[in-house]
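Beneath this line is the structure, given in structure tokens, with notes to follow.
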Amino acid sequence: KNSTSGKAEAFFARASRALRPTHPRCGVLTLPALSDTVSASGTSWSHWTYKRESSNSAWSSKVPQIPTWEPVAENQLPPPTRVSPDLVDKLERLALVDFGSKEGVDCLEKAIRFADQLHVINTDGVEPMDSVLEDRELYLRDDTITEGECAEELLQLAKHTVEEYFVAPPGKKQN
Numbered sequence: 254k255n256s257t258s259g260k261a262e263a264f265f266a267r268a269s270r271a272l273r274p275t276h277p278r279c280g281v282l283t284l285p286a287l288s289d290t291v292s293a294s295g296t297s298w299s300h301w302t303y304k305r306e307s308s309n310s311a312w313s314s315k316v317p318q319i320p321t322w323e324p325v326a327e328n329q330l331p332p333p334t335r336v337s338p339d340l341v342d343k344l345e346r347l348a349l350v351d352f353g354s355k356e357g358v359d360c361l362e363k364a365i366r367f368a369d370q371l372h373v374i375n376t377d378g379v380e381p382m383d384s385v386l387e388d389r390e391l392y393l394r395d396d397t398i399t400e401g402e403c404a405e406e407l408l409q410l411a412k413h414t415v416e417e418y419f420v421a422p423p424g425k426k427q428n
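Here the working numbering is used: the first residue of the sequence shown is 254, the next is one more, and so on.
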């Protein structure tokens with residue numbers, strides 16, 4: 254072994270012993286030596302702050318150096334969404350998902366309620382993005398055909414075809 258790999262192994266051995274959960278109900282682990290603090294306010298974890306080590310980089314980021322999360326007050330959210338049985342039926346048909354029971358519908362309503370927090374975000378002065386990579390030039394390969402003329406071969410491999418189209422089996426049986 255060379256000295257670099259030995260140092261790396263020693264570092265990871267120390268790191269694995271020092272890992273601890275960031276939150277009692279969370280599977281995410283942090284290395285306290287790399288993160289200054291994870292602290293809770295009061296007895297609940299409803300508000301937490303994670304302080305990063307200060308960096309000596311010359312550039313300034315638009316990302317806040319101290320990320321925070323605070324719960325949204327219930328009165329700031331739109332009224333809770335109730336999913337009607339007709340909408341459940343339609344979603345089950347379109348998404349080929351079976352909600353199965355009242356618990357499945359409750360889970361869907363809770364997911365919608367969680368997403369309702371997006372309504373509170375202040376987006377004044379923020380221009381919509383066309384792409385997450387809009388500030389970079391995207392290098393695309395030339396759109397040239399290298400193979401082809403094999404449609405008849407591929408259609409012969411299909412179990413069911415109609416004219417020149419594949420026929421896919423339905424996702425679930427209809428009543």
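Where a beta carbon is used, it is the ideal one built from N, C-alpha and C, also for glycine.
Nearest-angstrom Cβ-Cβ length linking His372 and Pro331, presumed shorter than 8 Å: In this structure His372 is in contact with Pro331, their Cβ atoms being roughly 6 Å apart against a cut-off of 8 Å.
Can you tell me whether Val373 is helix, strand or coil according to DSSP? The DSSP-derived three-state label of Val373 is helix.
Under 7 Å between the Cβ atoms of Leu407 and Thr414? The Cβ atoms of Leu407 and Thr414 lie no closer than 7 Å to each other.
Where Val358 falls: helix, strand or coil (DSSP): The answer is helix: DSSP assigns Val358 an H, G or I state.
Using the Cα positions of Gln329 and Glu323, report the straight-line distance between them to the nearest angstrom. When rounded, the separation of the alpha-carbon atoms in Gln329 and Glu323 is 13 Å.
Would Ile365 and Thr397 qualify as a contact pair, given that the criterion is a beta-carbon distance under 7 Å? The Cβ-Cβ distance between Ile365 and Thr397 does not fall below 7 Å.
Compute the Euclidean distance between the alpha carbons of Lys315 and Pro422, then round it to the nearest angstrom. Going by the C-alpha atoms only, they are around 50 Å apart.
Indicate whether the contact test is met: 3 or more Cβ pairs, each with one atom in the region 334 to 343 and one in the region 352 to 362, closer than 8 Å. Yes, since at least three Cβ pairs between the region 334 to 343 and the region 352 to 362 fall closer than 8 Å, the two stretches touch.
Opposite Phe419 in the DSSP bridges: which residues? The partner list for Phe419 (beta bridge, DSSP) reads Thr414.
Cβ pair Gly424, Leu349 closer than 7 Å: Cβ distance < 7 Å, so Gly424 and Leu349 count as in contact.
Spatial distance of Gly378 from Phe419 (CA atoms): Cα to Cα, the separation comes out at about 48 Å.
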